[in-house]
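Asks: Residue numbers (our numbering): 314 to 600.
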Amino acid sequence: MTRVSKNNVVNEDFISRLHLQDPHNLKAVSGGDINLAYSLYSGNQHLFLKVQPDHPASFFDSEVASLKALGQVVPVPKVMAQGEVQGNAYLLLTWVESGRGYQDDLGATVAKLHRQTADQFGFELNNLVDFVPKDNSWQDNWGEFFIKQRLEPLMKQAQQAKFWLTQRGDHFDNLKEQIRQDAHVQSVKPSLLHGDLWAGNFMFDQFGHAVLIDPNAFYGDREYDLGISRVFAGFNDDFYESYQAHFPLDDGWQERMKWYEFYYILMHFVRFGDIYAPRLNNLLISF
Numbered sequence: 314m315t316r317v318s319k320n321n322v323v324n325e326d327f328i329s330r331l332h333l334q335d336p337h338n339l340k341a342v343s344g345g346d347i348n349l350a351y352s353l354y355s356g357n358q359h360l361f362l363k364v365q366p367d368h369p370a371s372f373f374d375s376e377v378a379s380l381k382a383l384g385q386v387v388p389v390p391k392v393m394a395q396g397e398v399q400g401n402a403y404l405l406l407t408w409v410e411s412g413r414g415y416q417d418d419l420g421a422t423v424a425k426l427h428r429q430t431a432d433q434f435g436f437e438l439n440n441l442v443d444f445v446p447k448d449n450s451w452q453d454n455w456g457e458f459f460i461k462q463r464l465e466p467l468m469k470q471a472q473q474a475k476f477w478l479t480q481r482g483d484h485f486d487n488l489k490e491q492i493r494q495d496a497h498v499q500s501v502k503p504s505l506l507h508g509d510l511w512a513g514n515f516m517f518d519q520f521g522h523a524v525l526i527d528p529n530a531f532y533g534d535r536e537y538d539l540g541i542s543r544v545f546a547g548f549n550d551d552f553y554e555s556y557q558a559h560f561p562l563d564d565g566w567q568e569r570m571k572w573y574e575f576y577y578i579l580m581h582f583v584r585f586g587d588i589y590a591p592r593l594n595n596l597l598i599s600f
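Given below as structure tokens:
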């Protein structure tokens, strides 16, 4: 997705078309890397407004479906409204007042999410507006889902952008073979995943409860979420120990985590360039 700059899309006329009760105190807030983001009130209710200029309302379909799926199991912002004003997509959510909490509670929350299962890997709709479009078509085999619907489309983007060096190809083939031959992959059950579990996508509310935000949900191997969580700082030992206590991982998880770290680092490599090349190469040579 393309970054957007703050502009005059969200003005008095725009807000009036949201049909809120006594809208006031509109303020731009952080969180506007992909979307314009605002705090505002409707009467006494504090809301979070996301806007994507020059896109239809369907731009937020995937996020809405993800929030509704996760919200049946764990705390997430509640979807209040979704729509389009003069060709600009918007999403209204309840505002989450930030507070302090404990990462062992976060570990328990993620473990609870992962205990929600499905019969197949995938999700109810695709996310075609993502930086890397997500094909979430249902699949019986996790290895084939991860390779064909996550790894290979991302690799294609890397090759088209001429970021991929040919000498890395053997290691990538080895990785795919490892995934296909792994016993855990053959037996793993589909868990409901956040799908983008880095430190910027959780918070603690004013009561200290862990709240998951900005999900990109699908049903997959729960180690995918945990592997992504290790790419950037933000999750500490309390998180992982609590998760293991609530929902122990299968033997060999330490090695499999590298697959999902590689995927997430490759995504950042394609998006942001050579700053991620050393980490990418270090992982690749381990396959």
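Note that the Cβ used here is the ideal one computed from N, Cα and C, for glycine as well. Since the structure is predicted, the reported quantities are computational estimates derived from the model, not experimental observations.
In angstroms with no decimal places, state the Cα-to-Cα distance between Ile588 and Val544.
Replies: 14 Å
Asks: Should Asn549 go down as buried or exposed, given a rule of 16 or more other Cβ atoms within 10 Å for buried?
Replies: Flag for Asn549 reads exposed.
Asks: Enumerate in chain order the residues of its own chain whose CB-to-CB distance from Asp417 is below 6 Å, with the five nearest sequence positions on each side excluded.
Replies: Asp551 and Ser555
Asks: Output needed for His337: all residues of its chain with C-beta closer than 6 Å, excluding positions within five of it in sequence on either side, in chain order.
Replies: Excluding sequence positions up to five before and after His337, its CB lies within less than 6 Å of the CB of Tyr354, all in the same chain and listed in chain order.
Asks: Quick check on Ala474: does DSSP put it in helix, strand or coil?
Replies: DSSP places Ala474 in coil when its eight states are reduced to three.
Asks: Helix or strand or just coil, what does DSSP make of Gly513?
Replies: helix
Asks: Please state whether the Cβ-Cβ distance between Phe575 and Leu596 is less than 7 Å.
Replies: Yes; because the gap between Cβ atoms is below 7 Å, this pair is in contact.
Asks: Give me the residue from Asn321, Val501, Asp326 and His332 with the minimum Cα distance to Phe434.
Replies: Val501
Asks: Nearest to Tyr577 by CA position, among Ser450, Asp483, Met468 and Phe560, is which residue?
Replies: Met468
Asks: What residue from Leu383, Ser352, Asp326 and Val377 has the CA that sits closest to Leu510's CA?
Replies: Leu383
Asks: Report the three-state DSSP secondary structure of Gln499 (helix, strand or coil).
Replies: helix
Asks: Could you give the uninterrupted runs of the beta strand (DSSP E) lying entirely in the stretch 520–563, keeping only those of 3 residues or more?
Replies: 523–525 and 531–533
Asks: Note down, in chain order, each residue of its chain lying with its Cβ closer than 6 Å to the Cβ of Pro591, except the 5 sequence neighbours on either side.
Replies: none
Asks: Less than 7 Å between the beta carbons of Tyr537 and Pro503, yes or no?
Replies: no
Asks: Given a cut-off of 7 Å, decide if Met580 and Ser411 are closer than it, judged by their beta-carbon atoms.
Replies: no
Asks: Give me the DSSP bridge partner(s) of Asn595.
Replies: For Asn595, which the question treats as bridged, DSSP gives no partner whatsoever.
Asks: Of all the alpha helix (DSSP H) runs that stay within the bounds of the stretch 343–405, which reach a length of 4 or more residues?
Replies: With a minimum length of 4 residues, the unbroken runs of alpha helix (DSSP H) contained wholly in the stretch 343–405 fall at 374–384.
Asks: Closest by CA to Ser375, which one among Lys340, Met393 and Asn449?
Replies: For Ser375, the nearest C-alpha among the options comes from Asn449.
Asks: Are the stretch 321–335 and the stretch 399–410 touching, with three or more C-beta to C-beta distances below 8 Å?
Replies: yes
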